[in-house]
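First the structure, in the form of structure tokens, and then the observations on it.
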Amino acid sequence: MRSPRDKVIITCAVTGNLTTPEQTPHLPVTPAQIAEACLGAADAGAAIVHIHVRDPLTGRPSMLLDHYVDVVQRIRTRNPELILNITTGPGGRFVPSQDDPRVAAEGTTLMVPEKRVEHITALRPDICTLDLNTMNSGREVVINTPGNVRRMAKVIAEAGVKPEIELFDSGDIALMRDLLTDGTLQGPLLCSFVMGVRYGFQPSPETVLYARDLLPHDTEFTAIGIGKAAFTTVAQSYLAGGHVRVGLEDSVYLSRGQLATSNAEMVAKARRIVEDLGGSIATVEDARRIVGLPVRPTKSAA
Numbered sequence: 123m124r125s126p127r128d129k130v131i132i133t134c135a136v137t138g139n140l141t142t143p144e145q146t147p148h149l150p151v152t153p154a155q156i157a158e159a160c161l162g163a164a165d166a167g168a169a170i171v172h173i174h175v176r177d178p179l180t181g182r183p184s185m186l187l188d189h190y191v192d193v194v195q196r197i198r199t200r201n202p203e204l205i206l207n208i209t210t211g212p213g214g215r216f217v218p219s220q221d222d223p224r225v226a227a228e229g230t231t232l233m234v235p236e237k238r239v240e241h242i243t244a245l246r247p248d249i250c251t252l253d254l255n256t257m258n259s260g261r262e263v264v265i266n267t268p269g270n271v272r273r274m275a276k277v278i279a280e281a282g283v284k285p286e287i288e289l290f291d292s293g294d295i296a297l298m299r300d301l302l303t304d305g306t307l308q309g310p311l312l313c314s315f316v317m318g319v320r321y322g323f324q325p326s327p328e329t330v331l332y333a334r335d336l337l338p339h340d341t342e343f344t345a346i347g348i349g350k351a352a353f354t355t356v357a358q359s360y361l362a363g364g365h366v367r368v369g370l371e372d373s374v375y376l377s378r379g380q381l382a383t384s385n386a387e388m389v390a391k392a393r394r395i396v397e398d399l400g401g402s403i404a405t406v407e408d409a410r411r412i413v414g415l416p417v418r419p420t421k422s423a424a
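For the sequence shown, the positions run 123 to 424 when my numbering is used.
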């Protein structure tokens, strides 16, 4: 059994890969907008920001290194201590052709594992995600084979970056344990349960407790709720002894029928939930200690 933590880390996922500008006019798209969203989330109480980038002209997901560099430089100029968690998820999606399922159709993003993490080597953020899921995703498939995960994990480790292990179902936890056993991953681990994707973990208190109890005892975890589960999962994760995450990547609504006007607004609500339940919010310094990250130099020390 785990009790709620004394200090709870809030992560804000500001734009993501699947949320569209058609769903909300408040979605940050350009590097400047994404950086501002991260800084606003930090001001509201987030110690970690999770970053995807987009094509600033189309709003579609992008993996262009220049966009990542632009976002990171804008954030670091104004807030050098903020913990940056950069995605490595893009590059694992497969869409089979109707006439020949061996042939990739439009929407496929599959690429060699090293290509999916080359921006991590270039930028060396504090944290990057490492997805372990191979699963149905809508009408498509996400593919992360154990061999490819090991290749990505090797590059991440060589870059000196802490992986956050993304878990979409219980089999992913079994794979995570195997990667820990064979030395691909080093403990203590940092992980997230992604709940609410249609064919993965379903959001409920029972799911959070079940997944938590499959983890190594020293693992730091966050339960993430997608869509309407976003804020109920904040409470469930906190009560189960975990940290919390919100943001426009995960949900566009602040409450039923009310669009969130910013990521900062979502962080403020998550903070209220945790504090109303008796918790306190981790500062960036607290979060670095909890996760096991080095302290970055402050502006005055630069």
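Using N, Cα and C, we set each Cβ at its ideal position, and we do this for glycine too.
Quantities reported herein were computed from a predicted structural model and do not represent experimental measurements.
Since residue i and residue j should fall inside the 8 Å C-beta cutoff, what is the C-beta to C-beta distance between them, to a whole number of angstroms?
i: residue 415; j: residue 136; result: With 8 Å as the limit, residue 415 and residue 136 do not qualify as a contact, their Cβ atoms being about 20 Å apart.
i: residue 348; j: residue 318; result: 3 Å
i: residue 128; j: residue 384; result: Incorrect: roughly 28 Å between the Cβ atoms, too far for contact.
i: residue 212; j: residue 185; result: 5 Å
i: residue 174; j: residue 231; result: So it is not a contact: roughly 13 Å between Cβ atoms.
Can you give me the Cβ contacts of residue i inside the same chain, cut-off strictly under 8 Å, excluding the 5 residues immediately before and after it?
i: residue 178; result: 151, 152, 153, 189
i: residue 229; result: 215, 217, 262
i: residue 322; result: 255, 257, 290, 291, 316
i: residue 219; result: 225, 226, 227
i: residue 399; result: 126, 357, 360, 361
i: residue 354; result: 325, 347
i: residue 376; result: 382, 383, 387, 388, 391
Are the CB atoms of residue i and residue j nearer to each other than 8 Å?
i: residue 344; j: residue 366; result: yes
i: residue 425; j: residue 259; result: Limits of the chain in this structure are 123 at one end and 424 at the other, which puts residue 425 out of reach.
i: residue 126; j: residue 360; result: yes
i: residue 374; j: residue 386; result: no
i: residue 172; j: residue 139; result: no
i: residue 409; j: residue 356; result: no
i: residue 285; j: residue 252; result: yes
i: residue 362; j: residue 334; result: yes
i: residue 225; j: residue 342; result: no
i: residue 306; j: residue 281; result: no
i: residue 194; j: residue 249; result: no
i: residue 358; j: residue 310; result: no
Does the Cβ of residue i have 16 or more other Cβ atoms within 10 Å, making it buried, or fewer, making it exposed?
i: residue 123; result: exposed
i: residue 411; result: exposed
i: residue 223; result: exposed
i: residue 157; result: buried
i: residue 180; result: exposed
i: residue 308; result: exposed
i: residue 324; result: exposed
i: residue 294; result: buried
i: residue 187; result: exposed
i: residue 221; result: exposed
i: residue 423; result: For residue 423, the predicted model reports a pLDDT of 38, less than 50, meaning its position is unreliable; a value from the coordinates is still stated below. Result: exposed.
i: residue 183; result: buried
i: residue 204; result: buried
i: residue 379; result: exposed
i: residue 406; result: buried
i: residue 320; result: exposed
i: residue 271; result: buried
Quick one: what's got a C-beta closer than 7 Å to residue i's C-beta in the same chain, skipping five residues either side?
i: residue 389; result: 132, 134, 163, 166, 167, 168, 368
i: residue 268; result: 297
i: residue 141; result: 149, 370, 371, 374
i: residue 329; result: 317, 323
i: residue 404; result: 129, 130, 131, 169, 412
i: residue 176; result: 137, 151, 182, 183, 184
i: residue 243; result: 277, 281
Against chain D, with Cβ distances strictly below 8 Å, would residue i count as a contact?
i: residue 316; result: Absent from the structure: chain D. Only one protein chain is present.
Starting from the C-beta of residue i, find all residues in its chain whose C-beta is less than 6 Å away, skip the five residues before and the five after it, and write them out in chain order.
i: residue 196; result: 157
i: residue 241; result: 187, 190
i: residue 396; result: 130, 360
i: residue 159; result: 136, 150, 385
i: residue 364; result: 343, 344, 345
i: residue 146; result: 374, 381
| message | For the stretch 232 to 239 against the stretch 192 to 201, do three or more pairs of beta-carbon atoms, one drawn from each stretch, fall closer than 8 Å, so that the two count as touching? | response | no
| task | Please confirm if the stretch 332 to 346 is in contact with the stretch 291 to 302, defined as three or more CB-CB distances below 8 Å between the two stretches. | result | yes
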